[in-house]
Amino acid sequence: MIFTKSKGLRGEISVPGDKSISHRSVMFGSIAKGTTEIHHYLQGADCLSTISCFQKMGIAIENRGDRVLVRGKGLRGLTRPDTVLDCGNSGTTARLISGILAAQDFDVVLTGDDSIQKRPMNRIIEPLSLMGARIRSARDNGCAPLEISGRPLRGISYTSKVASAQVKSAVLLAGLYAEGETSVTEPYLSRNHSEIMLRHFGAHVQTEGATAVIRPGPELEGRQIQVPGDISSAAYFICAGLMVPNSEILIRNVGINPTRDGILRIARDMGAHITLLNTHSGSGEPAADLLVRSSSLHGTVIQGSLIPTLIDELPVIAAMACLADGETVIRDAAELKVKESNRLEVMVRCLTAMGADVTETGDGMIIRGGKPLHGAVIDSCLDHRIAMTFAVAGLCADKETEILGGECVNISYPGFYEDLKSLM
Ligand code: S3P
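Using our numbering, the letters of the sequence shown correspond one by one to residues -8 to 415.
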């Protein structure tokens, strides 16, 4: 995959459905009673892993492309899978499903690809064990494969050390089955799609600040779900549109939930021209069309409560900061080290290879922007967000940028390169 400097990106696109919301729609639909009909479901490999896991547990799921039908069997309707549950590359599948599996009346083994087998699972093993779950890392290294024996659970009040929607959601899902109330408090509020969608399915969920509380039962009811476009996928076009001169891009129907819209806030803070049009809402999630124009950008500080609202966008934001005037400081982002790759280390290494002036810190990086980028050979490390980030960086760099392993964009955005080309 080779990219060269662009003279301008123009046109209109719709990005695929939101990954986080797609996963949850199949999971919650599977444990609801009746049919859940999902529109604009993300057909990326991660969300297909979620479908396959629930099919293995006896749920009829018809994937008709843009529309997915889930014939849910209720909270107690899952059956023991004949094989290991394979989550592929998907941390969301592995962690959220564990919260459901912890409460079933059967045993399962859950695993995934090489990357998943290196990602930290103690963050869910700890709270689920406090609830009475039997869950253990088969190799005793705090990672998958996980052996989970379903047990009756009790509610807990849990304070999480990390702001993680995956941890919060795993505990809330276990709380759906537990005796008594379960609450999760985070250092900063993470994405709240589980809280919104569980309520939409009829669960008793309340929130206050960075605390979410769930009471067990009643049975969830199948629902219609409209999945908005994924702001994390739109991020590549937002940044490309801002950075490449002579660009104007309209990105249709993008989810702008305030727990996810940090990229819009930080881009504006850097001087970006982004206009929100046609703001609307579907299944409790706000969405809008985004009109993005080339802008002259300056550095900023990204830290604290903003970090969870743009965690997956930090790679492409870091690339953008390299072309902005002045210094950008990213702090409180140590979570980047435990994503599909160590995104902190990979970003600093690859941006440096392209001529950027970047220093890694313990929990982020310092970028001294305004220096021209030049092409390089970039190993994506099979991390979809790294591949897409450097495709965009390549459009702003002299000479050629080659992305190795670029097909990994299939994880979250199968048509990414075609969509990017359609704007050239
Ligand atoms: C996700 C939560 C985030 C995010 C991931 C999707 C989710 O992870 O990075 O891509 O759908 O809950 P953490 O919960 O580990 O922060």
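The C-beta atom is built at its ideal place from N, Cα and C for all residues, glycine as well.
When the five nearest sequence neighbours on each side are left out, the beta carbons in the same chain lying within less than 6 Å of the beta carbon of I357 are those of V320, T350, in order along the chain. Taking V162 as reference, the option from S224, T270, T202, F45 with the minimal CA-CA separation is T202. The DSSP-derived three-state label of E117 is helix. In the assembly as shown, K330 is a buried residue. Its beta-carbon has 16 or more other beta-carbons within 10 Å. Burial of S106 is indicated by the presence of at least 16 other C-beta atoms within 10 angstroms of its C-beta.
M(-8) places its beta carbon less than 8 Å from that of G397. The Cβ-Cβ distance between Q95 and G35 does not fall below 8 Å.
With a cut-off of 8 Å on Cβ pairs, the stretch 333 to 342 is not in contact with the stretch 284 to 294, counting fewer than three such pairs.
Nearest C-alpha to R62 among I205, T392, M122, G20: G20.
Contact annotation: S181 and A225 have beta-carbon atoms that are not nearer than 8 Å. Annotation: A344 to A367 spans about 6 Å, alpha carbon to alpha carbon. Rounded to the nearest angstrom, the Cβ distance from I242 to L281 is 5 Å, consistent with a contact under 8 Å. Per DSSP, M415 lies in no alpha helix (DSSP H) and is assigned neither H nor E.
DSSP places S160 in the helix class (H, G or I) of the three-state scheme. G246 carries a strand assignment under DSSP once its states are collapsed to helix, strand and coil.
By the Cβ-count criterion, P7 is buried, with 16 or more other Cβ atoms from all chains shown falling within 10 Å of its own Cβ. Within the model, the alpha-carbon separation for V292 versus G317 is close to 11 Å. Under the DSSP definition of a beta bridge, I321 partners with I293, M356.
Scanning K64, S13, T198 for the CA closest to the CA of V218 turns up S13.
Taking K390 as the centre and dropping the five residues before and after it, the same chain places the C-beta of H365, G366 closer than 6 Å to its C-beta, in chain order. One Cα belongs to P306, the other to K(-2), and the distance between them is close to 23 Å. A straight-line Cα-Cα distance of about 40 Å links I88 and G262. Contact between P136 and V158 is absent: CB atoms are separated by about 19 Å, not below the 8 Å threshold. The stretch 184 to 191 and the stretch 106 to 119 do not touch, with fewer than three beta-carbon pairs separated by less than 8 Å.
Beta bridge pairing from DSSP links I4 with I242. Look at G35 here: in three-state DSSP terms it is coil, with no helix or strand label. In this structure, R71 sits away from L414, with a CB-CB distance that is not shorter than 8 Å. A contact is defined here as three or more CB-CB pairs under 8 Å, and the stretch 169 to 180 meets this definition with respect to the stretch 203 to 212.
Burial state of F97 is exposed, judged by a 10 Å Cβ sphere holding fewer than 16 other Cβ atoms. Scanning the stretch 205 to 235 for uninterrupted alpha helix (DSSP H) segments of 4 residues or longer gives 222 to 234, listed from N- to C-terminal end.
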